[in-house]
Structures are given as structure tokens and as C-alpha cells.
Amino acid sequence: MKKKETVISKEFGLKLLSDMHRSRKFEEQVQKYFSLGMIHGTTHLGIGEEATAAGTVAGLEERDEIITTHRGHSQIVCKGVDVNLMMAEIFAKETGVCKGRGGSMHICDQAKGVWSGNGILGSAPPIACGIALTRKKKGEDKVTAVFFGDGSSNEGGCHEAMNLAAAWNLPVMFVCINNTYGMSTHISKVMKNTNISDRAAGYGMKAIDVDGNDVLAVYEAVKEARKYIGEGNGPVLVVEHSYRISGHSKSDGNLYRTKEEIAAWREKCPIKNFKAYLLENGIATEEELAQVEADATKALDDAVQFAIDSPYPSLDTVLDDVYAD
Amino acid sequence: MKKKETVISKEFGLKLLSDMHRSRKFEEQVQKYFSLGMIHGTTHLGIGEEATAAGTVAGLEERDEIITTHRGHSQIVCKGVDVNLMMAEIFAKETGVCKGRGGSMHICDQAKGVWSGNGILGSAPPIACGIALTRKKKGEDKVTAVFFGDGSSNEGGCHEAMNLAAAWNLPVMFVCINNTYGMSTHISKVMKNTNISDRAAGYGMKAIDVDGNDVLAVYEAVKEARKYIGEGNGPVLVVEHSYRISGHSKSDGNLYRTKEEIAAWREKCPIKNFKAYLLENGIATEEELAQVEADATKALDDAVQFAIDSPYPSLDTVLDDVYAD
Amino acid sequence: MGKIEMTYKEAIREALAEEMERDENVYMLGEDIGIYKGAFGVSGDLYDRFGPERIMETPISETGFMGAAIGSAMTGMRPIAEIMFSDFLCVCYDMLVNQAPKLRYMLGGNHSVPMVMRTASGGGTGAAAQHSQSLEALLCHTPGLKVVIPSTPEDAKGLLKSSIRDNNPVMFLEQKLLYNTKGLVPEGEYTIPLGVADIKKEGSDCTIVTYGRMVHFCLGAAEKLAAEGINVEVIDLRTLYPMDKPCIIESVKKTKHCIIVHEAVKTGGLGGEIAATITESEAFNYLDAPIIRLASEDVPVPFCPILEKGVLPDEDKIIAAVKKTLA
Amino acid sequence: MGKIEMTYKEAIREALAEEMERDENVYMLGEDIGIYKGAFGVSGDLYDRFGPERIMETPISETGFMGAAIGSAMTGMRPIAEIMFSDFLCVCYDMLVNQAPKLRYMLGGNHSVPMVMRTASGGGTGAAAQHSQSLEALLCHTPGLKVVIPSTPEDAKGLLKSSIRDNNPVMFLEQKLLYNTKGLVPEGEYTIPLGVADIKKEGSDCTIVTYGRMVHFCLGAAEKLAAEGINVEVIDLRTLYPMDKPCIIESVKKTKHCIIVHEAVKTGGLGGEIAATITESEAFNYLDAPIIRLASEDVPVPFCPILEKGVLPDEDKIIAAVKKTLA
Ligand SMILES: Cc1ncc(C[n+]2csc(CCOP(=O)(O)OP(=O)(O)O)c2C)c(N)n1
Ligand SMILES: Cc1ncc(C[n+]2csc(CCOP(=O)(O)OP(=O)(O)O)c2C)c(N)n1
Ligand SMILES: [Mg+2]
Ligand SMILES: [Mg+2]
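Residue numbers (numbering that gives the first Met the number 0), protein chains in the order written: chain A, 0 to 324; chain B, 0 to 324; chain C, 0 to 326; chain D, 0 to 326.
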């Protein structure tokens, strides 16, 4: 596991903290309005995994692109997509990024390089290869980062994408968020070798393991991977080890894990730890940290308000956009 | 690569030779009658790969089971399926192992532990896991060997099966016949790391590489893998390196490889080399070798005659067997 | 024999438990079907009762474990594979089209593939286009497969038991939104044969052919129509493949009118098959009006509940269609 | 503008070459489409002309490269992905059902997915059940996709060019057994719009709705019927999804009789959709006889040529069906 070493600027530190706070608040708002019955459908929260999102996106170049999973809110928040429009989407409103047609799992924003989440495990990695292929063909220096979970790594699509990306030397970063569970299933039940990064060698691919609760370590690992890919060396697999504090989805009874296990990981909260780091190293003050959190709270309160105030799409438009002209 | 070391009995040596001859003759007959227009459809010959078939089957226990590919004639011949009934199938006759419904790619014989070929690349490995699962559940000491090619190893199904077999500790032997081409495509074009056996570690699986043109080396490697699996250690990947002298199928113009390459591999003919070995080591005489070949020739001539003499299935029966009662 | 009330989900669970008790070769495999009890809670206490060898939790590898189910079915087991959402059938579709249903025939009838594939199908949950589809039409075009879709707890239990005992691959499409609906289920052992439709309500004016969740929409509409003196017959197909053609044909000959209702999008849906079955039979000559297909609009299932509900058939639309055909 | 004779395969190749010349964003990817020239030789000299960057040989990973095609289409390229046999669509079916056709809609219309998926479809080659299917019905139930199936070199070229220029995912089903058949193709640039059927033969007594290879069987039958004074109209749908309903409906209103012919197995095939389209339209009232669907028997395609041919529609069966409906 990588450990953070860098000395960072206040600006960068507060940016990472802000991203994590905004991610966390985003999830908490979704959780709240979901339980109030004001959000429809299902939703997959990644509370506890914010460092993977903030660190990964920070390690990429701004022009880089991402494609995510069923659990992608944080990554998309960190990529800078307007939280108002994201929240409106989750509230199924016309103002949402997908005009209310996609919901939680399909949030996208082309301008920000967010090619959406995907509800089918294992299907985003091949699509990521295609995005990267376009960039390679057009000679654009853009990396496509595709997120997927430990559980999803067992899908055939994941394998095909890794091999394809390696064989074609595509600028793809495979970012595996290993939170040790696929839904209720611990990795040790479904993989004889739970070291997911060991799979990379088979494809002739570089791999990096990193503590996914350490935002700076993630940032550095991704930055290193980004550099390697940018130099034309082909794809990299980055395995970020973290934990999902929240349940898998609304239907989760948490029967598969102990309260103690969850509590222990709560202690490793990436936000709490990063705040301590910023203070201990004199990078920022208590007041500054409080301000960042307050700003995040305000932004997400506003987002909810925006979402609530927005109109639902009209049924008259329902057949629009099935086909492009 | 493993090299042969064992001193073998005459009986065993002649058995291996016989299997290879019968395999080769089988293919040659199919080739001949195909070009005469007496065999319909398509067919994939594995001329040059006979040592992989004979050595693998010899290294298994007789009770073990196999499931093969589009290029499985030799493996099935070596497993002891009646060549008359196999040939009849390829001639589309009622007496064929599949009553003329399956043809070249679907030959099976439950009694001999042959669960058929499969025309869809990557789909046999998961099915093999299921056969092995039955054996494990029933406490039967039987290994399921599944054959697949270098090209097919890039299918998602292959990955899912390897991971599943490892996670569930299933008695599966993954036998990859690496003939360096998937149809016209050289492995170096489609894999950054062409060492297919390197993939096993990712699954926590043992792997063995072996010279697939050396029938004794194959035999030993498979025997070792069989022992390991039989002891309950889980699946093994055996990569057998060989070469397909024949074209991919009837449509092959051999544009993707040179005459020289083919000629060089003809020199490495597993039958020729094994004959030399048997003679050099005094295991068998010229006469004995000639007799084995003559017997094989006769058996396959008879098989063709049987096939030709057999009736076609009646159209009245065409709807039989779609459903079981 | 008495009847007891239980949910659709419980009825399915009872069928699973009874069949696993009856036959030690029956086992289940799928994602999160053990400790988690299945994404929709269908497994309930099965993991506690039968343990990890009979309730096998799989990696997220649908092709892998569906293939494993096929292999084990060929060799004497009777697997029940669960695919969490029917949309995910697409990631292991080769197993459903090229393998399970064809192996027996291609191999000359030498083996059979006795297995059940259970999955949760349909929308209405706000889960958007990749988690809400009704894909049955994509499963009813492959000879060798059977396809079952129960609409009540009683049917669910009886049909599932028959499916498990059937010697062929059977796709068992459970209706997500029915899982928690209740109904009366016979006490004790019973089965319902595959391939036999059920007339859920008799009537003389118009035949409604439907299945799955839509059965209840149609029954609701039928009740309202009855109040207006229009007496419709509601046929619940129950098994989609093979389809109970005589039942449909007899009914249409009687009522001379037919509408077809399904949740799947209209174009390419089973409505076509049902309509064609009628119009190529002698029932054609009895028809007094065009056959109306009422189905979801041709659009990926939208997330927004207003849109999702808006594209779906509902009681009002059914009533309107019946009136139109009778007009 | 003159016409020149070429094969179906050559016409496809011309379309590919012309569109790659015209638009540098167009490229091909698939297994063995380069040096090998494709399993059916469709690529011909394209690899020599356009090189490995435009004619991309892929690993045997249909999900992988189909997904890559989708991703690259979303970001501005216009990929043409080749799946060697249409049966193999099943191993990447998720991409065809849950991804390519849905991404645009789910993502609020923000992107389009302009791509073509070419594949060789149909039987008659003795390749048995996993290499011989006609799976179009499994593709015509997913809004967002278009499905095209040409029956002549002229149509193949014109439709393929339109497919490549279309801003949606288009499934282009080539007919294996037509690859080497010849026909006249207009010289120079032309396209044929998607969604428009072609009346391959006009007639007044009975409409035959068909597509793909069966068009030729129907035309053969039509000729023989004409000799007997029976004048059938043969509609070649050309695009299956969306379907040219007005063309079908007008024809049936004129001829008052209809048979439908396809190579795919009957149950669950597109015949149902076509029949239902007629019977829910005003054409219903014009019909003088039941609509007959003539299709392959419900069986996996058998290897033995006698069996394979035996389950397929042929001229005699078509003639018999026409006579039956006119009786
Ligand atoms: C093909 C497919 N199979 C199953 C599911 C259901 N499902 C959604 S999330 C999930 C668990 C995924 O685990 P992992 O990849 O580790 O990601 P995590 O949820 O832990 O972030 C499952 C099984 C799905 N969406 N798609
Ligand atoms: C899913 C699928 N994709 C493609 C094919 C077509 N195909 C048949 S054999 C073959 C090459 C296979 O190569 P390899 O696995 O190396 O086996 P080999 O032919 O060399 O024995 C291809 C592409 C197929 N049968 N199934
Ligand atoms: Mg996980
Ligand atoms: Mg090979």
C-alpha cells in the first residue's frame, strides 16, 4: 500500500477536502430524501469511499474522462458536475442531467468528461476502451478512467476490456474500488486470490495497490498511473482499497457483516483522517476546515432545493430522444 | 517448457502412437471427403496438434471427462469414442453420435465422458465448471478437462470460469492449446503478454506450460496437474504449445502465415518425432510402428465406409429430441 | 384441501424448499441468494435451512454460473440459477440461446438439461432502463427452452414446482412488483402443469390475453367493465413458451373480440405472436374487430415515475381498448 | 446512371470503402477482418487499402470490442463492428440490448451512438445450430436500435451506406448464402433510406411479406404462381426495425390476402409482429382469409442437410401457402 508523503498546498488540501465533503453531503442528502420517500427508485451510496473519488479525480488531468458504476455519485461530484443538476436528476426532474430519464445510475455530463454510470456490471470497461480509442485515434492526450468494484472484476466484460486495452495500448485507467464486498458477498468467497491487482500481469499491464481511505495516497498513485499511461505505455490497473459504510442499496439488511467491522472502518473515515492531517501539518486551520464543510453543506442544501423546486418532465416528451436524427 | 524424461513401456508407447495416428487419419479422412464434397458444412482440423490430444487424454484418468471446442476431433478420438459413429456424424448420418443433428463441432459420448464440442468460443469453460461441480457434489473422483484455444482465452466466459473454478475449488483442468493463432490472428496482436499461463496466478491457480508437440511431456504435465487437482487443490491451467498445420477451416487461404513457418512446424510433427523416440530408445521396432499405423489406417477406412453405408436420418424425426419428456 | 394466505415471494420460497427437500439433486445458485436472502428477499430462511452447499452464492459472473448450472444439469443435478434482474440475462444470453436449449438436440437427444433459471422481471420500481425490462419475447424464440411467468402466489408455487421437475431448461420470470402481493395457496403438495393457460375470469364479450403483473390490471379493468355490463374473459397465459393456443383460440371463437395486454414494449413483443396465433387459426373467421395490442410504448423504461407509469398499460387504457374493439 | 453487376459481398465492400473514403471517422473492427479478409471474404482488399488503423483486427472478445465500438461512437467516431456469425451476438447481447440502444435515451439525449453492427446471418451452410440462426426477432424488440436486412446487392450497398450515416446503432444482418449471388448495382453514389420497404414484385392476388434470403424463394414461387395465373405481390421489408407498416397495410388492403415468410423459426419470430401490424390496422377489415406464417420449424437448426433443408420454407411450401390462403 502506498502512503502519503507529499507536502501539499492549502489550496489543494482544501480542494480535496471540499470534494470529499461535497461527496459525503451529496450521499447524505440522497439518503435522507430517499428515506423520506421523496426520491424514487433505488440508489447506491458510497459513504466511506470518498477518498477514492476525490483522490482519483485529482490525480487525473482535468481533460481526462471517466465512466462509472451504479455507485458513482462521488466520482461525478468530484469531476465537477453541477450538483444541482445531479440532484435534480435523482429527484427525477426535467432539469436533471438526463432530463429525469436516467436517475442515480446514469448521471452524465459530456462537458465535464463524465460518460455516465452504468447499471450493468462489467459493461462499462469495454465502453471505456472505446472512449480511449477515440482519443488515441484523434491524438488527444486524454485518459479514460473506468471505475468498477471488486465484485464486478469477475465479470467477463472486465477481462475482455483489460486484455483489449493492453493489446491495443489504450489510454485507459482501470480503477477498481475494492470495498471487499460485492453486495453481501465478501471477496474471499468469490476469489481464491483476493489480490485483484495480481490479475494485471496476465495482461501485461502495470498495477498499483493503494489505501483507498488515504486521499493523498490515492492521488499520488493515480497521478503516477496517469503519467505512465500518458507516456504511451498502455493501461494501468489501480486497486483502491476502501470500505462501504452505507448499505449496498435500500434493500440491504447488513446481515453479512458485523457492527464491529463497520465501526472499525468508521474510524478510518477518510474525511476525518484527512482533516487531522491538514491540521497536524499546519496546512489549514480549524476555521478553514469548518468553512469548507459549511460551504459543502450549503451547496448540497441548495442542490436539494433546486431539485425540489424543479418541474417533472412532461409525459408529452417521453418519446423524445429514443433515436437521434 | 517440460521435456520428456520418462522411460515408458512398449504398450503405452504404442497406445500413444496409435492415438496420434488415429487422430491424424481421422482428420485426413475428413479433409479428403470434405474436398470431395461428400461431407457437408464446415470442419476445423487440428493436424499437427495430435500430441496435445493424445498426451492430455493419457494423462487423465479414464473416468475423467472432457469438453472440447470447434477443433475437438482428436481429443475425442483419443478419449476412445467409436470412430465409426464419429465419422457417421460428420457424414450427417443417422448412425452418428448425434444422429446427424450436431456434426463436426458437437460430437459427444456420455459413456466415454465426452460432453461434446462447442461452437461458441468461451462457453465450454463455464459448462465444464458445472460438470466438475456435479462430480464434487457427488463425491466422485473425476476431473473435467476443458479444451480451448489461445484466441478463446480472451473471451469473458473463460475468465469467469477460471475464477469460479478457483473460488469453488472445482476439479477442472483448463487445457489451453496455444497454436499461436486464433483463426488468422497471431497472439501477439491480441495479447500484450502472450504468456497465457501468467493469467492463472491472478485466480490463485496453478499453471503449467508444456511443449505440445511432445506427447510424453504433455502426458507428464497433465498427469501432474491431474494429481494436484485430484488431491483437492483446485483447478490447474495447462498451456500446451503447438501449431495447427491445417488451415483454420475450409475458408482459410493461409494468408496470415508463411509457407516457411508451416514447413518448420511440419518438421516438428509430433508423430514423426515420437516414432523416432520410440525407435531410438528401443521401445518399439519399425515393424511395430508400421503395424500401428496400418491399424489406424484400416480403422479409419472402415469408419469412412461405415459412415458412407449408413442411412441419412429421416425428415420425420426432425422434431424429436427438441424437448425431453 | 384448505388454502392459506401468503405472498408471491413466500409461495416461491415454499416451492423451492419443498423441491429441495424432495430431491437432493436440486440446488440453487446465484448472486447474494444466501445471507442476503436474495435482492428481493425471496430466499428468506433457505440459507439457514439448506446451507451453503445447496444455496450457492456465486461470483458476479452470470455467464460463469449459468454455464455451471448447464454443466451440472447435463450430469444429473437439477440446478436453479437465479439472475438478480431479468435485464442481466443479456450478459449470459449465449447460455440461454446457444447452450441450454440446444445442447440436447445438437447432441442427438443423448442428454437433457433439467434446470430452472429464475429472475425478477418488469418495471415500476424506478430503477430505469437497465433494471426494469420485460424481456420475455427475447426468450420465446428459442426451441428447447420453456418460459413461465406466474401472476399469483398459487400459480407461482405450482408452476415453479413443475418447472423444477421438468427435464428441460425453464426460464421462470418472477414479477418484481408482485413479490409482496398476497393470495391464497393450497395447503400441501400440488403442481400446475406447464403449457396450460388459466382463465382468470370468464366472460363472453371480449377476450383479454395477458400474463404476469398485467393480469391484475386486466382483472381490475374487467371488474369496472362488468359494472358497465361488459363481460370480458381474462386469459392468463402462465406459460409463454410453449403457449396454450387452444385456450386462446376457443376463447376468441366465443367472444369474437380480442385485446392483448403486456408490459413489455409493443414492437417485437409477444403480442405479435399471440395475435398471429389467432389470425392463422380458425378463430380468424370469428373475429368481429381488429385485435388490439396494448403494451408499453416503444421506449427504454424511463426513470421518472411519471414517465415510467405513463408509458405502461393501465386500467383506463385497457378499458378504452376493450370499448374500442367492441365499438 | 448505369448499373454494373457485382455480388452482394462486393456491394457491401463497396459501401464500406466509399464510406471510409468519405468520412475519416468511419472505421471497422472485428475478428479476422484484416489479412483473412473476414470469415466470408467481405473485407477483400480493404485491409490493403485502409490499413490496420481503419480495419482493426480484434481479440476474440465480442463484448470487449462491441463495447469499444459503443464508447468510440459516443465520442465521435463511426465504428462498424463485425460479428462473424449472428449467433455470436448472444455473447455480447448486453451491448446490443442494454447499452448501444439505451445510452442516448437514458442519458437524456445528450449523446448519440452512431455505429453499425454487421453480421452474417442465416443457415443453409451445414454449420449446425450454433452457427445458422436467423435471430432478427431478438433484435427488433429494443427501442433505440435499427435493424436492416438486405436481399440484393443493390439494397445491400444503399442500405449499408445509410446505416453508416445514421446517427443510431444499426444492426446490419447480411445473408450468408447471398454473399456470392450477383445483381445489378447503380454506378456512383446512392443511398437507400432505412425504414422503407421495397415491393420486389407487384401483384394483386396475395401479399407476401418477407425479407432477406427468403425474398428470392418468394420471387421464385411468385414466378411459378404467375404461370398459373396467380399474381402475388412480394414485399421485401429491407428494414425490420422500424418496419414500413404503411407499405404492408396498403398492399394487404389491395390483395386482401397475406402470407408471411421468414427463415427464422416460427414461434416468436417477426412473423407475429407483421401479422399483428396488419390485424390491428384497417387492413384487418379487408382480409379475406387467415394470415399464414411460413417459417422454419421450431427446432434448433439441424446439421444434416436433409433435415436442415426440410425444416426451412421453400418454393413449394410458399406456393402451397398462397394457394391455401386463396382457396
Ligand atoms: C451484470 C450485473 N449483475 C449483477 C448486478 C447487481 N448488482 C449491482 S451492484 C452489485 C454488487 C457490485 O459489487 P462491486 O463490483 O464490488 O461494487 P460495489 O457495489 O461494492 O461498489 C450487484 C451484484 C448488476 N447490476 N449487473
Ligand atoms: C464467440 C465466438 N466468436 C468467434 C467464433 C469464430 N471462431 C471460431 S474458431 C475461431 C478461432 C479460435 O481460435 P483459438 O481459440 O486459438 O482456437 P484454434 O482455432 O486456434 O484451435 C474463431 C474466431 C466463434 N466460434 N465463437
Ligand atoms: Mg465491492
Ligand atoms: Mg489458436
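Note that beta-carbon positions come from the ideal geometry of N, C-alpha and C, so glycine has one too.
Do residue i and ligand 3 come close, with the Cβ less than 6 angstroms from some heavy atom?
i, result
"G116/A", "no"
What does residue i reach in chain B if we use C-beta pairs closer than 8 angstroms?
i, result
"M190/A", "N162, A165, A166, Y202, G203"
"E230/A", "Within chain B, no residue comes near E230/A; the closest Cβ sits about 16 angstroms away, beyond 8 angstroms."
Excluding five sequence neighbours on each side, which residues of the same chain lie with their C-beta closer than 8 angstroms to the C-beta of residue i?
i, result
"P289/D", "T324"
"R100/B", "P312, D320"
"K2/B", "Its pLDDT being 47, under 50, K2/B is placed unreliably by the model, and the measurement read from it follows with that caveat. If we look at K2/B and ignore the five residues flanking it on each side, its Cβ neighbours are D210, D213, A216."
Hey, would you say the C-beta of residue i is under 6 angstroms away from at least one heavy atom of ligand 1?
i, result
"M76/C", "no"
"V90/C", "yes"
"I119/A", "yes"
"F87/C", "yes"
"E30/C", "yes"
Measure how close the beta-carbons of residue i and residue j come, nearest whole angstrom, since I'm counting them as under 8 angstroms.
i, j, result
"G270/C", "A294/C", "6 angstroms"
"E232/D", "K181/D", "Not a contact, Cβ separation roughly 25 angstroms."
"C128/A", "G66/D", "7 angstroms"
"E173/D", "I32/D", "The pair is not a contact, with the Cβ atoms about 13 angstroms apart (cut-off 8 angstroms)."
"S150/D", "Y210/D", "7 angstroms"
How many Å lie between residue i and residue j at the Cα?
i, j, result
"D210/B", "G150/B", "18 angstroms"
"A14/D", "V147/D", "14 angstroms"
"L215/A", "T143/A", "21 angstroms"
"L88/C", "E61/C", "8 angstroms"
"A225/D", "G194/D", "29 angstroms"
"F333/C", "G40/A", "Lying before the first or after the last residue shown, residue 333/C is absent from chain C, which here runs from 0 to 326."
"E27/C", "H215/C", "Sequence inspection shows Met at residue 27/C; the Glu mentioned does not correspond to that position. Those two C-alpha atoms are separated by around 29 angstroms."
"E10/A", "V82/A", "21 angstroms"
"E262/C", "Y35/C", "29 angstroms"
"E307/C", "A128/C", "10 angstroms"
Between which residues of its own chain and residue i is the CB-CB distance below 6 angstroms, once the five residues before and five after are set aside?
i, result
"V115/C", "I79, S162, I163, V169, F171"
"D197/D", "D235, R237"
"G233/B", "A165, N168"
"S42/C", "I32, K36"
Can you name, in chain order, every residue of its own chain whose Cβ lies under 7 angstroms from the Cβ of residue i, other than the five neighbours on each side?
i, result
"G203/B", "A165"
"A274/C", "I259, I290, R292"
"I191/D", "D154, G157, L158, S161"
"L59/A", "V142, A144, V221, R225"
Can you pull the chain A neighbours of residue i, defined as C-beta to C-beta under 8 angstroms?
i, result
"E30/C", "G181, M182, T184"
Can we count residue i as close to ligand 2, meaning its CB is less than 6 angstroms from some heavy atom?
i, result
"M83/D", "yes"
"H69/B", "yes"
"E9/C", "no"
"I277/D", "no"
Could you work out which residues of chain D lie near residue i, taking near to mean beta carbons separated by less than 8 angstroms?
i, result
"L16/B", "The premise fails here: L16/B is roughly 32 angstroms from chain D at the closest Cβ pair, so nothing lies under 8 angstroms."
Output, in chain order, the set of chain C residues within a Cβ distance shorter than 7 angstroms of residue i.
i, result
"R100/B", "Y104, M105, G107"
"S115/B", "L106"
What does residue i touch in chain C if you count any residue whose Cβ is under 8 angstroms from its own?
i, result
"H240/A", "Going along chain C, no residue has its Cβ under 8 angstroms from H240/A, so there is no contact; the nearest lies around 18 angstroms."
List the residues of chain C that residue i touches, going by C-beta distances under 9 angstroms, in chain order.
i, result
"C128/B", "G63, F64, G66, A67, G70, S71"
Can you pull the chain B residues whose beta carbon is under 7 angstroms from the beta carbon of residue i, in chain order?
i, result
"V298/D", "V317, L318, V321"
"D93/C", "I119, S122"
Under 7 angstroms Cβ-Cβ, which residues of chain A neighbour residue i?
i, result
"F302/C", "G40, A91, G99, R100, G101, G102"
- Under 7 angstroms from any heavy atom of ligand 5, by CB: list those residues in chain order, please. With respect to ligand 5, the structure shown offers nothing to examine, as its ligands consist of ligand 1, ligand 2, ligand 3 and ligand 4.
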